[in-house]
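Undergrad: The letter at position 6 of the sequence shown is residue 6 when you use UniProt numbering, and the numbering goes up by one with no holes. Glycine included, C-beta positions come from ideal geometry on N, C-alpha and C. All values derive from a computational prediction rather than experimental measurement. Handing you this structure, nothing more for now.
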Amino acid sequence: NTRRFFVAVHVGAGYHAVANEKALRSVMRRACLAASTILLQDSGECIDAVSAAIKVLEDDPSTNAGRGSNLTEEGHVECDA
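Below you can see the structure in the form of C-alpha coordinates.
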(Lines of atoms letter the chains of each structure in order from A and count residues from 1; the text may use other names and numbers.)
(Lines give C-alpha, C1' and ligand atoms only; values in the text may rest on other atoms or scores of the structure.)
Protein backbone atom coordinates (compact mmCIF):
# COMPACT_ATOMS: atom_id res chain seq x y z
CA ASN A 1 0.00 0.00 0.00
CA THR A 2 1.70 3.19 -1.20
CA ARG A 3 0.73 6.49 0.34
CA ARG A 4 0.25 9.25 -2.20
CA PHE A 5 0.37 12.87 -1.20
CA PHE A 6 1.39 16.31 -2.38
CA VAL A 7 3.01 18.90 -0.13
CA ALA A 8 3.26 22.59 -0.99
CA VAL A 9 4.18 25.59 1.12
CA HIS A 10 4.55 29.29 0.46
CA VAL A 11 6.26 32.10 2.30
CA GLY A 12 3.61 34.74 1.76
CA ALA A 13 2.32 36.99 -0.95
CA GLY A 14 3.87 40.28 -1.89
CA TYR A 15 7.35 41.41 -2.73
CA HIS A 16 10.32 39.14 -2.03
CA ALA A 17 13.77 40.52 -2.73
CA VAL A 18 15.76 38.64 -5.36
CA ALA A 19 18.64 38.53 -2.87
CA ASN A 20 16.48 36.33 -0.58
CA GLU A 21 15.37 33.88 -3.27
CA LYS A 22 17.95 31.18 -2.48
CA ALA A 23 17.21 31.27 1.26
CA LEU A 24 13.44 31.21 0.71
CA ARG A 25 13.63 28.31 -1.74
CA SER A 26 15.77 26.44 0.77
CA VAL A 27 13.37 26.94 3.67
CA MET A 28 10.38 25.94 1.52
CA ARG A 29 12.21 22.79 0.42
CA ARG A 30 13.07 21.93 4.04
CA ALA A 31 9.47 22.53 5.12
CA CYS A 32 8.16 20.22 2.40
CA LEU A 33 10.69 17.55 3.38
CA ALA A 34 9.73 17.83 7.05
CA ALA A 35 6.06 17.33 6.17
CA SER A 36 6.85 14.49 3.77
CA THR A 37 8.91 12.69 6.40
CA ILE A 38 5.87 12.64 8.69
CA LEU A 39 3.50 11.51 5.93
CA LEU A 40 5.77 8.63 4.91
CA GLN A 41 5.50 7.11 8.38
CA ASP A 42 2.83 4.45 8.82
CA SER A 43 1.21 6.50 11.56
CA GLY A 44 1.84 9.87 9.91
CA GLU A 45 -1.08 12.26 10.27
CA CYS A 46 -1.75 15.33 8.13
CA ILE A 47 -1.96 17.65 11.14
CA ASP A 48 1.49 16.51 12.29
CA ALA A 49 2.88 17.11 8.80
CA VAL A 50 1.44 20.62 8.73
CA SER A 51 2.89 21.33 12.17
CA ALA A 52 6.32 20.11 11.08
CA ALA A 53 6.28 22.33 8.00
CA ILE A 54 5.14 25.38 9.97
CA LYS A 55 7.87 24.83 12.55
CA VAL A 56 10.54 24.90 9.83
CA LEU A 57 9.08 28.08 8.32
CA GLU A 58 8.72 29.85 11.66
CA ASP A 59 12.19 28.87 12.89
CA ASP A 60 13.92 30.31 9.82
CA PRO A 61 14.86 34.00 10.04
CA SER A 62 14.48 34.47 6.27
CA THR A 63 10.69 34.16 6.49
CA ASN A 64 8.32 36.79 7.80
CA ALA A 65 6.99 34.43 10.47
CA GLY A 66 8.07 33.38 13.91
CA ARG A 67 11.76 34.33 14.34
CA GLY A 68 11.77 36.40 11.16
CA SER A 69 8.61 38.38 11.91
CA ASN A 70 8.41 42.09 11.44
CA LEU A 71 8.41 43.92 14.74
CA THR A 72 5.89 46.44 15.98
CA GLU A 73 6.95 50.00 16.78
CA GLU A 74 7.56 48.77 20.34
CA GLY A 75 9.93 46.06 19.07
CA HIS A 76 7.63 43.07 19.68
CA VAL A 77 6.49 40.29 17.36
CA GLU A 78 2.75 40.58 16.74
CA CYS A 79 1.12 37.87 14.64
CA ASP A 80 -2.48 38.13 13.48
CA ALA A 81 -2.86 35.07 11.28
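Rounded to the nearest angstrom, how far is the Cβ of Val-56 from that of Arg-30, given a contact under 8 Å?
TA: Position 56 of the sequence shown, counting from 1, holds the residue named residue 56. Position 30 of the sequence shown, counting from 1, holds the residue named residue 30. The pair is a contact, with the Cβ atoms about 5 Å apart (cut-off 8 Å).
Undergrad: Can you give me the Cβ contacts of Met-28 inside the same chain, cut-off strictly under 7 Å, excluding the 5 residues immediately before and after it?
TA: As a first step, residue 28 must be located in the sequence shown, where it is residue number 28. Same-chain partners within the cutoff: Val-9, Val-11.
Undergrad: What number of angstroms, rounded off, separates the C-alpha of residue 113 from the C-alpha of Asn-20?
TA: Missing from the structure shown is residue 113; the chain here goes from 1 to 81 and no further.
Undergrad: Whole alpha helix (DSSP H) runs in the region 10-53 with 4 or more residues, listed along the chain?
TA: For the region 10-53, whole alpha helix (DSSP H) runs of length 4 or above, ordered along the chain, are 21-39.
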